[in-house]
Every structure is written in C-alpha cells, then in structure tokens.
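If you use mature numbering (1 follows the signal peptide of the UniProt record, and there is no 0), the sequence shown corresponds to residues -17 to -1, 1 to 491, in order. Beta carbons: idealized from backbone N, C-alpha and C, even for Gly. Remember, it's a predicted structure, so these values are computed and weren't measured experimentally.
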Amino acid sequence: MLGTTLVLLASSALVAAAPYATNQTRESCNFLFRHYPESVHFPGSLRYAREDTFSWSTDSWLGPACVFTPYSTPMVTAGIQLLAARDVPFAIRGGGFMPIANAANIGPEGILFSNSNMTLLTIEDDKSVVHVGAGVTFGPLYDFVAPHNVAINGVRLGNVGVVGFHLGGGIGFFSYEHGVAPTTVKSFDVVLANGTATTVSNSSSADLFWALRGGGNNFAYVTSVSLYTIPSESIVLGDVGYGTERADQYYESMTDFALHAGADPASSTEGQSRWQPARNPNVSYHAFLFNSANKFDAPGFANLTAPKLPFTSGNLTKTTMSGWFKRFEAHPDFDNRKRFLFYSIPADKAAFKIATDAYYRVLREEKLDEVRGFFTAFSVMPITSKVVEASAANGGNPTGLTASSVPALWLVESPSWDDGVDDAHVDAAHVKANAAIKDDLKAAGFDMLPFIYLSDAALDQPVFEGYGQESWDKLKSIAKIYDPTEVFQRLVPGAPKISADRGQARRG
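In structure tokens, the structure reads:
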C-alpha cells in the first residue's frame, strides 16, 4: 500500500527538466524521512558520514543529498517507485569496492541507497544453498559458511559486496573448477523499476537471470542472492613472493598456467608484480596460489614453486577462505585514491613481458615515483579453457566468452595514491601507459583481446562492446522488457551502462 501511495504522491510532483532535479531530490529525501525516519540520514549525522565514506576509494566519497538504508524489500520498492516517478538520480551500494567514483555513491544531486541493513545470512538444512542479503560482504559470508564445511565461489581478496561481485561476472579461486562465480547463483531476489518484487532463476525469468550474471546494475535492484555452496573443509592457499630478479621465469610460469593448468582445475593462481617506489625502486613479483584438493604439490603449482620459481617470502598453508581473509584484516587498504584498469591478451610469454615492461617504463617516465603514497600492482589472471567451459553451466552468462577466448591472460592495473591533487597526473600517466602497451603489442604482432571484466573495468572502458554484439544486443533487449523507461540506466549513472548513448560514469 505504501508503495502505491508513494507513486501517487510522487506523480503529482513529477518533473522531467534537469534544473529541478536538486529540488526534487531534496523533497524526495524529506518524503522518505517522513515515512522511514530511522532509515534516512542527512549531512551532519554520524551515520551519514559513515555511509558516505564507506567506499574503498576516497574519490567515491561524493556527499549525496541523503542516504536511505532500507532493511526490507517493501522499503526498496517504495524508494524505487518514488525516485522513478520523480526522475531523481540514485546510487546503490553493497560493498562499495568498485573504484569508479559514482559506481556505488552519488553527489548532492541524488540519493544513495545503502544496503548496510540488508544483512540476511541463512543456509539451507542440507548446506547446499546459502541466502545472502545485498549488504553482506565476503568476509562475513566466508565466516558464516566455514563452520558448515562448505565454501563459496567468491572473491579472492578484499571485503567486496557479494551481490555486486556476481553482477560484475566475478571470478575467484574456485572459478578454475566451477566457472565464473555467477555460475553458482541459484537465484536473485530483485525489485524492478516499476516496484515489482520477484525472484529470478534459470527456470523463472531466465532471460533476466542470464543478464544479471555479468550485466551490472542495468536491470534491477538486487535485494539478495542465493548461492550454491561447494563442499570444502579446508584448502591450500598462500601469498608468496619471488623477489625482484625472477621476472623472466614469472612471465613463463604464469603463461604456462593459462596454457596447461586446465588439467588441474583444483589449482588456481593470481600473479602480481608490485611497485612501491617509496620503499623499493624495483618491481617485485608475487602470486596467490590456491588448491581446493588440499595438495601442496599440486600439478598446477609445478612451475610456480621450487625448483622452477622458489619463494623468497611467504608459504603455502592449509586454511579456509575465512582464515585467509583474517590474515589481511589488520592491514585494511582504505583512505586513499584507487583505480582499476583491465585488459586481456593472448596467453603468450612475449606478450605478457611486453605489456608489463611498457606499463612500468611509462610510469617511471611520468615520474609517478614522486606521487605521495603511490603504489601499483599489475595483476595477471591466467585463464584456462576449463574456466570458460565450466561457466556455460546453469544458464550461462552474457560475457561472450567462448572457446576462442582462451587461453588468455587477464591483466589488471590497480594503482593507489594518497591525495586527490595527484589524480590528473596518475590518470594521464595511465592513459600513456596503456597506449604504449597497445602500441608495443601491435608492433610485436599481438592484439589485445576484446573481453573486459566489468568488476575491474575503468571509466569509459567498453565492457559491453567487449562481450560481443550479439550479447550486447540481447542485454539491451532484456532491459527494454524489464525496465522500459530505463530507470537503471538513466537514474543510476554509475558503472558501465549498456546503452551506448548514456553518459559514462564519472570520477569525483
């Protein structure tokens, strides 16, 4: 009833012209406050400050007109109906880990829906499915499932929002055996643009279910997700270092993993070269090594351990994902500026070396060592054919990945630095670095691959073009069915949008 009332009242004040947006936003905040005073927070309150500064990157602290913290689906329905009727922009935040400024926050022109009260965590009696609210992040989820001797195909590192990770097509340690993370989604509970609350799965609204598993925030407001669990009492996992002198073997070993480790899908890895010039002028080489079968000498580790590539730091231990996450709780990486930039290239040692060399060469030329607090990791995810094969199960996904997409190396640049005054310098340096990577690869006879991983995409990267025209067209047609007025594309401005004519997300 309240949702209907909100629509009727909002419709009487409906405006479409942009100059009135600020006034409409303010009136909408006040309207929500009258109905949900405990769940609407204004500038000056401690709760508002906490919600506004929750996101991982400080350039996502944008100062919304107010913050709405619903704790039930009917409250989400009411809020969506109100803002859709009044044409008020809004953002939706779960974990706030995507370092695009307004991907999970918004400025004073809009309202932030924070899911911090949506903390559902239940597991079915047979332990096969866990139900997760939109405000839950992976640390609490891993803690919750560990006593049940099951695991989740989730994020490798970082207290990322569970729902957003799956909307972005997430990939984790278990993905080498079970496919990208959305493959293990049983269902999504969503609120559509017209306020309808429904559950979508591979047997109910299968088209929307497919679109949500890599299509981002373009379709609906997800209030919870149900995930299939993976039986697992323990795993072998480690954060290991190879020092600064083994670059050539590192390139070879990571490439070989993409080419051959599909034969050992229980093993997975993410490599990182790291540069923190204030501490060490040299680039160092590292890896996360994982095995779900509790094997310290897994075949997939053969080229990533001694004698091929001996550790200079770290080790492998038997643990759980909950235990793994607890190792990093004492060193949270907050209160600085961040970016992600993603590229995929063929699984070729020479191509990998060219890309890495070009990246660090340009960063040095652009004097990023003089930027206060600068650090970067150039990560590599070696993608085997097994990852793509397993991802086709349970209805598939829109990413457009096929047998011809692999083996591949997925590369992620993740710079961070202290001060907003250096944003333009760091961004310009990365534009030059990525142009150099592309040019150097081209000169050596390599082309970048079209796929771009949504969760690690930078501002303006053509995510949906990279999925392929057929997939992109299908996503747009599904959006027209479930959101014909484009509420989630017009009014939710942050993160990649499927409509080519929509403005791209901006930085603060």
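Under 8 Å, do glycine 147 and methionine 101 count as touching if we go by C-beta distance?
In the sequence shown, counting from the first residue as 1, residue 147 sits at position 164. In the sequence shown, counting from the first residue as 1, residue 101 sits at position 118. It is not a contact, given that the beta carbons lie outside the stated cut-off.
Those runs of the alpha helix (DSSP H) which lie wholly inside the stretch 396 to 468 and span at least 4 residues:
Runs of the alpha helix (DSSP H) lying entirely within the stretch 396 to 468, each at least 4 residues long, are 406 to 426, 446 to 449 and 452 to 465 in chain order.
What's the gap between the Cα of glutamate 372 and the Cα of proline 390?
Translated into positions along the sequence shown, residue 372 becomes position 389. Translated into positions along the sequence shown, residue 390 becomes position 407. Proline 390 has its alpha-carbon roughly 11 Å from the corresponding atom of glutamate 372.
Pick helix, strand or coil for glycine 78, following the three-state DSSP scheme.
By 1-based counting over the sequence shown, the position of residue 78 is 95. Residue state, collapsed to three classes: coil.
Could you give the uninterrupted runs of the beta strand (DSSP E) lying entirely in the stretch 147 to 199, keeping only those of 3 residues or more?
If we require 3 residues or more, the beta strand (DSSP E) runs fully inside the stretch 147 to 199 come out as 168 to 174 and 180 to 184.
Nearest-angstrom Cα separation, counted from tyrosine 234 out to cysteine 12
The sequence position of residue 12 within the sequence shown is 29, counting from 1. The sequence position of residue 234 within the sequence shown is 251, counting from 1. Spanning the two alpha carbons is a distance of roughly 53 Å.
Residue from Phe202, Val113, Val208 and His18 whose Cα sits closest to the Cα of lysine 463:
Indexing the sequence shown from 1 puts residue 463 at position 480. Of the listed residues, the one whose Cα sits closest to lysine 463 is Phe202.
If you compare alpha carbons, which of Leu424, Leu432 and Ala375 is closest to leucine 392?
In the sequence shown, the residue the question calls residue 392 occupies position 409. In this structure, Leu432 is the residue among Leu424, Leu432 and Ala375 with its C-alpha nearest to the C-alpha of leucine 392.
Taking its Cβ as the centre, do 16 or more other Cβ atoms sit within 10 Å of proline 20, making it buried, or is it exposed?
Reading the sequence shown from its first residue, position 37 is the one you call residue 20. So proline 20 ends up on the exposed side.
Exposed unless 16 or more other CB atoms sit within 10 angstroms - verdict on asparagine 6:
Reading the sequence shown from its first residue, position 23 is the one you call residue 6. The C-beta of asparagine 6 has fewer than 16 other C-beta atoms within 10 Å across all chains shown, which makes the residue exposed.
Residue range of the unbroken beta strand (DSSP E) whose run includes glutamate 253
The residue given as residue 253 occupies position 270 in the sequence shown. That run of the beta strand (DSSP E) goes 250 to 258.
Is DSSP giving alanine 4 helix, strand or coil here?
For the purposes of this step, residue 4 is taken as the residue at position 21 of the sequence shown. Its pLDDT being 44, under 50, alanine 4 is placed unreliably in this model, and the coordinates cannot settle the point.
By Cβ distance below 7 Å, which residues in the same chain neighbour serine 305 in space, the five residues on each side in sequence not counted?
If you number the sequence shown from 1, residue 305 lands on position 322. If we look at serine 305 and ignore the five residues flanking it on each side, its Cβ neighbours are Tyr125, Asp126 and Ala129.
Can you look up tyrosine 234 in the DSSP assignment and give me helix, strand or coil?
Counting from 1 along the sequence shown, the entry for residue 234 is found at position 251. It is helical.
From histidine 114 to alanine 334, what distance separates their C-alpha atoms?
Working through the sequence shown from its first residue, we reach residue 114 at position 131. Working through the sequence shown from its first residue, we reach residue 334 at position 351. Whole-angstrom Cα-Cα distance: 42 Å.
With a 10 Å radius around its C-beta and 16 neighbouring C-beta atoms as the bar for buried, classify glutamate 34 as buried or exposed.
Here the question's residue 34 lines up with position 51 in the sequence shown. Buried: at least 16 other Cβ atoms inside 10 Å.
According to the neighbour-count rule (16 or more other Cβ atoms, all chains shown, within 10 Å of its Cβ), is aspartate 108 buried or exposed?
Walking along the sequence shown from the start, residue 108 turns up at place 125. Exposed, because fewer than 16 other Cβ atoms sit within 10 Å of the Cβ of aspartate 108.
Would you mind stating whether residue 493 and threonine 300 have Cβ atoms separated by less than 8 Å?
Because the chain in this structure spans residues -17 to 491, residue 493 falls outside the shown range and cannot be described.
Kindly give me the distance between the Cβ atoms of alanine 241 and isoleucine 366, rounded to whole angstroms, as I take these residues to be in contact under 8 Å.
Here residue 241 corresponds to residue number 258 of the sequence shown, with the count starting at 1. Here residue 366 corresponds to residue number 383 of the sequence shown, with the count starting at 1. So it is a contact: roughly 6 Å between Cβ atoms.
Just to confirm, are isoleucine 435 and proline 445 a CB contact at a threshold of 8 Å?
Counting from 1 along the sequence shown, the entry for residue 435 is found at position 452. Counting from 1 along the sequence shown, the entry for residue 445 is found at position 462. Contact flag set, yes.
Starting from the C-beta of glycine 122, find all residues in its chain whose C-beta is less than 7 Å away, skip the five residues before and the five after it, and write them out in chain order.
Reading the sequence shown from its first residue, position 139 is the one you call residue 122. In chain order, Asn142 and Phe308 place their CB closer than 7 Å to the CB of glycine 122, counting only its own chain and leaving out the 5 sequence neighbours on each side.
Can you tell me whether proline 47 is buried or exposed? The criterion is at least 16 other CB atoms within 10 Å of its CB, across all chains shown.
The residue given as residue 47 occupies position 64 in the sequence shown. Proline 47 is buried by the Cβ-count criterion.
Compare the C-beta of proline 290 with all C-beta atoms of chain B and state if any pair is closer than 8 Å.
Here chain B cannot be found, since the structure has a single protein chain.
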